[in-house]
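Protein chains in written order, with our numbering: chain A, 51 to 389; chain B, 51 to 389.
Note that beta-carbon positions come from the ideal geometry of N, C-alpha and C, so glycine has one too.
Everything numeric in this text was worked out from a predicted model, so none of it was measured.
The structure appears right after this line, and notes come after that.
There are 2 protein chains.
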Amino acid sequence: MKKTLLEDIAKELNVSKTLVSMVINGKGDSYGISKKTQQKVLEKASELQYTPNVFARALRTGKSNLVGLLVADISNPFYSQIAKYAEKALAAKGYNLMVCSTEEDIEREKKLVQLLAEQQIVDGLIIATTSNDGSIYKTDRLKKFPIVFIDRYLPDFAANYVVADNYQGSFEITDLLIHKGCKNILALNVSPAYISSLKDRVKGFKDALKKYNIPFKQENLIEISFNNIKNEVREKLVKVLNTNTNIDAIYTLNNHLATACLEVFNEFGIDKLKNKIHVASFDDIDLFNFVKPSIISVAQPLEKIGTESANLVLKLIDSKSEGAEPVKMVLRTSVISRN
Amino acid sequence: MKKTLLEDIAKELNVSKTLVSMVINGKGDSYGISKKTQQKVLEKASELQYTPNVFARALRTGKSNLVGLLVADISNPFYSQIAKYAEKALAAKGYNLMVCSTEEDIEREKKLVQLLAEQQIVDGLIIATTSNDGSIYKTDRLKKFPIVFIDRYLPDFAANYVVADNYQGSFEITDLLIHKGCKNILALNVSPAYISSLKDRVKGFKDALKKYNIPFKQENLIEISFNNIKNEVREKLVKVLNTNTNIDAIYTLNNHLATACLEVFNEFGIDKLKNKIHVASFDDIDLFNFVKPSIISVAQPLEKIGTESANLVLKLIDSKSEGAEPVKMVLRTSVISRN
DNA sequence: ATTTTTGCCTAAAACGTTTTAAATTTTCAT
DNA sequence: ATGAAAATTTAAAACGTTTTAGGCAAAAAT
């Protein structure tokens, strides 16, 4: 049972494959194919279970109906949730999704972009970039390629993005901590710290302190390198808590840091820590619903990021929007307070 | 700056594009192209940054160098971890991965398989199937298409699969519970219960009971429908615990059930529950490291499942292995005991 | 009764590769 | 030198579409 081709349908009906192609693509009317003929073609096509060859079509039209999603780590629930919703939104419009992990490696990101975009394998890209300066996106070809950045945007780079309002979320959760009486908050950040979302979170944190005239101390912002989170957190956190005994809150700037902290708590016993330490984290993961000490967190609108970025990239693909102003979408986060 | 084509290289060197194609594809030697010419071609190709057009190549050869991964839900960490490792293994061999969520919907699975496999978009598929009888895989075309099932296999269906040893894991964890003194274990299963991994877990559970001459009671195996887990767990769990007060352990058959149980515990307060209830779960998630009551769990070899399924599907693709015996890989799980 | 318009349809080229079959050039033995 | 054999190289077809440019009737306008 061979695959049905346009030609098979054409032969059976004694028409040209041109005509069949037109009808199949819904252009029958605009090319003035009679209703009767269109009907015949569609019936025969479904009878023979015709499905167009994607590669031939892509070769001819330069369109693949694929969208790529590049994230640092697909096994991070933050990204996999976004992936899920993006896929759904794309599927609704007849597009398929290719997910690739960059492993927070800019070289791998570059290779993938080259492969997927320059090669025109995908019609558009959704990217959580690891790049700091966006240099890899400054080629002529890529500048007019449909790309939507998510989670992290590139400063000084006119590009479309859909991100959470990291500043607002961080400001609000810090504000909440302060309202709960915290005066000496220890913040944990993760390198590479040039990533826009992290920078904005730090800024929100600092500005909230400023609002209440609490001086920011550099030693209260610890930086952990992303590829050795567990160990560094253990090391540095224990040290700080031992030397600086009036820390009254810990604020982790992403979910990995939070998990690492909780592990340290576990290991050393929560009670050994000063009693009234509050814990807060950017990102909201399932875990936080179950864990003591109870954690307040900033939930990002994952579904919205996924859906909106997908729709935006489709819009870019459709509109061939040369020269249009880039769309910058900043979505509100919500602070989740647990008793 | 137009894309470089085979023809561009050919023209610059005054050779045919046939020759260039041969050299680029590493077939220079076998076609007897002189070393000198090969050298020239490769140099010029890299000078002009030639990369072949994937679609033209796929159209001509019928090979796309893509592999599809179909899972029930990419946002489930179980699957997203597998995805990560599969992607890595594939990338190492020059293949890319397309991940698609089926949402545990057999119709969507069918559509995706049709699109990806029958359409030859991908060269092979890795699938966590929702199908119970495998009927959608029994077409002539699919029977000889490179498919590796993961997580769940299809009984009565000669197919390649890579799965965890669900029976062994379930047997061992039940055994462990019994050793801890439990005599009245409540097991929570999830529908659709025809899924092989779940059936094997149930069997392991029952056989472990049998080993110690503990009679299996049907009312100690509760079934929860997968699309309403949270509510049903709350409802049924509370009821059972109230009526049947000598339950001394709860064993959830997957990670979703476990999370739902923990939520119920949270809601009603752990202390309200009989003190000495042990909690066990198939699957091992991050959460379990942090939660009280402490949970024993069965960890599946996620990395291995991802890597091995990827390698297997590549082997199938390469070997055009008609008629070869299907590979059935059953990987040991490990029971993780927390004090 | 011829020309023009309209309505419907088609042949052929094009997309960028790979592969087949054959052509050309070189080398070697005579 | 000459023909056969060996070593290189190539033209053209093929993969399955979409699109361009146009063809041919039938209907309408002159």
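Could you confirm whether any beta carbon from chain B is found closer than 8 Å to the beta carbon of residue i?
i	result
Val-341 of chain A	yes
Asn-146 of chain A	yes
Gln-218 of chain A	no
Cys-311 of chain A	no
Thr-357 of chain A	no
Ile-297 of chain A	no
Asp-215 of chain A	no
Ser-151 of chain A	yes
Asp-123 of chain A	yes
Ser-130 of chain A	yes
Asn-277 of chain A	no
Asn-361 of chain A	no
From residue i to residue j, what does the alpha carbon distance come to, in whole angstroms?
i	j	result
Lys-286 of chain B	Ile-272 of chain B	8 Å
Gly-231 of chain B	Lys-143 of chain B	50 Å
Phe-332 of chain B	Asn-216 of chain A	36 Å
Asn-294 of chain A	Ala-258 of chain A	22 Å
Leu-381 of chain B	Ile-355 of chain B	8 Å
Lys-256 of chain A	Tyr-262 of chain A	10 Å
Val-91 of chain B	Asn-75 of chain B	11 Å
Glu-317 of chain A	Lys-260 of chain B	38 Å
Ala-108 of chain B	Ser-384 of chain A	46 Å
Lys-52 of chain A	Ile-186 of chain B	18 Å
Leu-307 of chain A	Leu-227 of chain A	18 Å
Phe-128 of chain A	Ala-214 of chain B	26 Å
Asn-278 of chain B	Leu-312 of chain B	16 Å
Glu-137 of chain A	Ala-95 of chain A	28 Å
Gly-82 of chain B	Glu-62 of chain B	21 Å
Ala-26 of chain A	Phe-266 of chain A	Look at the range of chain A in this structure, 51 to 389, and you will see that residue 26 of chain A is not part of it.
Ile-386 of chain A	Val-149 of chain B	31 Å
Ser-369 of chain A	Asn-270 of chain A	48 Å
Asn-292 of chain B	Asn-339 of chain B	28 Å
Asp-141 of chain B	Ile-335 of chain A	One point to set straight first is that residue 141 of chain B is Ala, not Asp, in the sequence displayed. Distance between the alpha carbons of Ala-141 of chain B and Ile-335 of chain A: 29 Å.
Glu-168 of chain B	Pro-102 of chain A	11 Å
Asn-304 of chain B	Leu-204 of chain B	19 Å
Lys-365 of chain B	Val-377 of chain B	11 Å
Ala-310 of chain A	Lys-280 of chain B	27 Å
Regarding residue i and the ligand PLP, is the C-beta to nearest heavy atom distance less than 7 Å?
i	result
Thr-295 of chain A	The ligand PLP is not among the ligands present in this structure, which contains no ligands whatsoever.
I want to see whether chain A comes within less than 8 Å of residue i, judged by CB atoms only; does it?
i	result
Gln-88 of chain B	no
Ile-171 of chain B	yes
Phe-255 of chain B	no
Asn-270 of chain B	no
Ala-108 of chain B	yes
Asp-201 of chain B	no
Leu-127 of chain B	Per the sequence shown, residue 127 of chain B should be read as Pro rather than Leu. Interface residue, yes.
Phe-105 of chain B	yes
Asp-336 of chain B	yes
Ser-96 of chain B	no
Ser-66 of chain B	no
Glu-273 of chain B	no
Ala-60 of chain B	no
Relative to the alpha-carbon of residue i, which residue among the options has its alpha-carbon at the smallest distance?
i	options	result
Ala-104 of chain A	A:Lys-113, A:Ser-96, A:Leu-98 and A:Glu-97	Correcting the residue type first, residue 104 of chain A is Val in the shown sequence and not Ala. That would be A:Lys-113, whose Cα lies nearest to the Cα of Val-104 of chain A.
Val-240 of chain A	A:Leu-56, A:Leu-291, A:Val-283 and A:Thr-101	A:Val-283
Phe-315 of chain A	A:Lys-378, A:Asn-304 and A:Val-288	A:Val-288
Leu-98 of chain A	A:Asp-183, A:Asp-79 and A:Glu-57	A:Glu-57
Lys-249 of chain A	A:Asn-234, A:Asn-182 and A:Tyr-211	A:Asn-182
Ile-156 of chain B	B:Ala-141, B:Thr-180 and B:Ala-139	B:Thr-180
Phe-199 of chain A	A:Glu-358, A:His-328, A:Asp-225 and A:Ile-300	A:Glu-358
Gly-219 of chain B	B:Ala-178, B:Asn-361, B:Thr-302 and B:Ser-151	B:Thr-302
His-328 of chain A	A:Asn-296, A:Ser-151 and A:Ser-84	A:Asn-296
Pro-196 of chain A	A:Leu-204, A:Tyr-211, A:Pro-205 and A:Asp-206	A:Tyr-211
Gln-350 of chain A	A:Gln-268, A:Asp-201 and A:Gln-89	A:Asp-201
Thr-152 of chain A	A:Val-341, A:Arg-110 and A:Ala-178	A:Ala-178
Counting Cβ pairs, one atom from each stretch, are 3 or more of them under 8 Å apart for the region 338 to 347 of chain B and the region 121 to 129 of chain B?
no
Is it a yes or a no for the region 234 to 244 of chain A touching the region 61 to 72 of chain B, going by three-plus beta-carbon pairs under 8 Å?
The region 234 to 244 of chain A vs the region 61 to 72 of chain B: no contact.
Any contact between the region 153 to 163 of chain A and the region 182 to 193 of chain A? By contact I mean 3 or more CB pairs, one from each, below 8 Å.
yes
Ignoring anything shorter than 4 residues, give me the alpha helix (DSSP H) runs that lie fully in the region 242 to 278 of chain A, in order along the chain.
Complete alpha helix (DSSP H) runs here, min 4: 246 to 261.
Ignoring anything shorter than 4 residues or poking outside the region 111 to 154 of chain B, list the alpha helix (DSSP H) runs there in chain order.
127 to 141
In chain order, what are the residue ranges of uninterrupted alpha helix (DSSP H) at least 4 long that sit wholly in the region 183 to 253 of chain A?
190 to 193 and 216 to 229
Completely contained beta strand (DSSP E) runs for the region 309 to 351 of chain A, where each covers 3 or more residues:
You should have 328 to 332 and 345 to 349.
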